[in-house]
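Here is the structure we will look at.
There are 2 protein chains.
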Amino acid sequence: MKILEDRIRRDGIVREGNVLKVDSFLNHRMDVELFREMGREWKRLFADRPVNKILTIEASGIGIAAVAALEFGVPVVFAKKSKSINLDQDNYVTQIESFTHHRTYDVIVSRKFLGPEDHVLIIDDFLANGCALQGLLQITKEAGATVEGIGIAIEKGFQPGGRLIREQGFRLESLAIVESMDPETGIVFRE
Amino acid sequence: MKILEDRIRRDGIVREGNVLKVDSFLNHRMDVELFREMGREWKRLFADRPVNKILTIEASGIGIAAVAALEFGVPVVFAKKSKSINLDQDNYVTQIESFTHHRTYDVIVSRKFLGPEDHVLIIDDFLANGCALQGLLQITKEAGATVEGIGIAIEKGFQPGGRLIREQGFRLESLAIVESMDPETGIVFRE
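The following block contains the structure:
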């Protein structure tokens with residue numbers, strides 16, 4: 022998606038250690054007009070899919086998912102992260118590992134809000150190793166919901182998450198795929 | 022706001038200990054069409070104020086703030102919660118106490134995204150004791166930003182947060198104010 026790639030080139034900051042900071046428009050300050058364009062693009066890409074719910078994970082997925090949901094005319098459910106072990110028959114619970122924060126989270130969705138009747142579009146801001154996304158897929162599987170697709174804002178194409186998800190047969194639409202990046206030479210996007 | 026009060030009456034669950042669960046439409050499953058109506062109402066109420074930024078706090082404020090921001094045509098900045106002490110000259114940091122979770126959080130906003138040029142509308146889902154809100158006000162004060170107003174979805178009018186904020190002279194618009202609630206007899210809203 023050209024406007025997102027242009028924005029990443031303009032305002033993204035590449036740091037050593039494969040860090041791409043996009044906090045000026047995506048995940049701290051949020052450019053909601055850009056989110057609206059992203060929502061429209063996912064709506065175009067998934068026009069053939071009977072999406073009735075968007076699933077995301079706190080915190081930085083929530084804003085993108087909420088604005089995109091307006092384009093789809095469906096509600097959002099966001100998975101909650103908890104550091105405490107939560108054994109609760111009212112919730113789906115799975116564990117994900119965060120490379121950024123070097124710890125393991127419980128990810129929780131209430132059973133009330135996800136079930137076999139749901140046709141889910143999963144939306145998140147980043148896809149790198151795919152740990153958060155695999156957690157959300159595990160929860161949709163446990164719920165018996167159908168995953169109609171996955172919409173990601175920025176995929177780090179040089180990390181394995183996207184390839185693994187596609188190999189599992191999911192339809193994954195990343196609006197910008199970073200093929201390589203370097204603090205000196207900048208960002209190359211996948212064609 | 023009648024449609025919000027009606028929705029709270031229909032789908033809110035009152036539990037012992039002054040707990041009002043609205044997770045089916047506000048803070049776990051999110052009814053984004055309702056959020057759009059709430060955003061329009063805040064836009065109407067704050068039409069005379071030169072808002073150029075919306076400030077909220079993760080996680081449950083983000084969806085409401087993002088959708089409301091579309092009505093205002095401004096970006097959102099969301100404050101991040103951290104349990105680690107974060108001494109960082111790049112950030113505004115303050116502490117808030119969570120009654121719900123019985124612990125103290127650091128609340129963090131990057132200095133890059135809030136400054137004296139900003140005219141801020143603060144938005145959040147709940148106002149009870151007002152701890153989170155006082156933290157956001159502290160950060161806007163440290164940033165030298167102007168607080169044009171505060172928009173809350175549900176205020177618990179029987180707890181002191183709203184009164185204290187109004188006594189400080191802030192313009193606070195809560196779309197539903199719960200005067201009293203009881204698991205047996207239900208909810209009474211302030212006129």
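As you go down the protein sequences, you meet chains A and B in turn. Note that our numbering has the first sequence beginning at 22, numbered continuously upward. Note that our numbering has the second sequence beginning at 22, numbered continuously upward. Ideal Cβ positions, reconstructed from N, Cα and C, are used throughout, including at glycine.
- In the three-state scheme derived from DSSP, where H, G and I count as helix and E and B as strand, Leu-135 (chain B) is classed as coil.
- In this structure, Gly-84 (chain A) lies near Met-51 (chain A), with their beta-carbon atoms less than 7 Å apart.
- Rounded to the nearest whole angstrom, the CA to CA distance from Asp-139 (chain A) to Phe-67 (chain B) is 38 Å.
- Of A:Val-40, A:Glu-37, A:Arg-61 and A:Leu-47, the smallest CA-CA separation from Arg-28 (chain A) is found for A:Leu-47.
- Look at Ser-119 (chain A): its C-beta is not under 7 Å from any C-beta on chain B.
- One Cα belongs to Phe-179 (chain B), the other to Val-199 (chain B), and the distance between them is close to 7 Å.
- Between Glu-26 (chain B) and chain A, the shortest Cβ-Cβ separation is not below 7 Å.
- Closest in alpha carbon position to Cys-152 (chain A), among A:Glu-194, A:Lys-102, A:Glu-26 and A:Arg-192, is A:Lys-102.
- In the three-state reduction of the DSSP assignment, Glu-62 (chain A) falls in the helix class.
- A direct Cα-Cα distance of roughly 8 Å separates Val-98 (chain B) from Val-130 (chain B).
- In the three-state reduction of the DSSP assignment, Glu-118 (chain B) falls in the strand class.
- DSSP lists B:Ile-34 as the beta-bridge partner residues of Lys-42 (chain B).
- In this structure, Trp-63 (chain B) sits near Gly-172 (chain B), with a CB-CB distance shorter than 7 Å.
- One alpha carbon belongs to Leu-185 (chain B), the other to Phe-93 (chain B), and they sit about 27 Å apart.
- Against chain A, the CB of Ala-87 (chain B) has a partner CB under 7 Å away; the residue lies at that interface.
- For Val-88 (chain B), the three-state secondary structure derived from DSSP is helix.
- Where Thr-77 (chain B) is concerned, the enclosing beta strand (DSSP E) starts and stops at 74–78.
- Taking all protein chains in view, the Cβ of Gly-60 (chain B) is crowded by 16 or more other Cβ atoms within 10 Å, so the residue is classified as buried.
- If you draw a 10 Å sphere on the C-beta of Pro-137 (chain B), you find fewer than 16 other C-beta atoms in it, and that means exposed.
- In this structure, the straight-line span from the alpha carbon of Leu-154 (chain A) to that of Leu-142 (chain A) is close to 12 Å.
- Under the three-state reduction of DSSP, Ala-153 (chain B) is assigned to helix.
- Only exposed fits Glu-205 (chain A), as fewer than 16 other CB atoms lie within 10 angstroms of its CB.
- At a Cβ-Cβ threshold of 7 Å, Ala-87 (chain B) and Val-53 (chain A) count as neighbours.
- Linking Val-95 (chain B) to Gly-170 (chain B) through their CA atoms gives a straight-line distance of about 15 Å.
- DSSP, reduced to helix, strand and coil, places Leu-47 (chain A) outside both helices and strands of the structure shown, so it counts as coil.
- With a threshold of 7 Å between beta carbons, Val-97 (chain B) makes contact with chain A.
- Within the stretch 157–191 of chain B, the complete alpha helix (DSSP H) segments of 4 residues or longer fall at 182–188, listed in chain order.
- Cβ contact annotation for Val-168 (chain B) (same chain, cutoff 7 Å, sequence separation greater than five): Val-141, Ile-143, Leu-158, Thr-161 and Phe-191, in chain order.
- Phe-147 (chain B) places its beta carbon less than 7 Å from that of Ile-175 (chain B).
- Between Thr-115 (chain A) and the set A:Arg-70, A:Gly-156 and A:Asp-203, the nearest pair of CA atoms involves A:Gly-156.
- Excluding residues up to 5 positions away in sequence, Val-88 lie with their Cβ nearer than 7 Å to the Cβ of Arg-57 (chain B) in the same chain.
- Of the residues A:Asp-145, A:Asn-150 and A:Lys-42, the one whose Cα lies closest to the Cα of Ser-195 (chain A) is A:Asp-145.
- Listed along the chain, the chain B residues whose CB falls inside 9 Å of the CB of Arg-57 (chain A) are Leu-91.
- Sequence-distant partners of Glu-163 (chain A) (beyond 5 residues in either direction) whose C-beta falls short of 8 Å from its own C-beta, in its chain, are Tyr-113 and Thr-115.
- In this structure, the beta-carbon distance from Ala-166 (chain A) to Val-128 (chain A) does not fall below 7 Å.
- Exclusion of the five residues before and after Arg-31 (chain B) leaves no residue of its chain whose Cβ lies closer than 6 Å to its Cβ.
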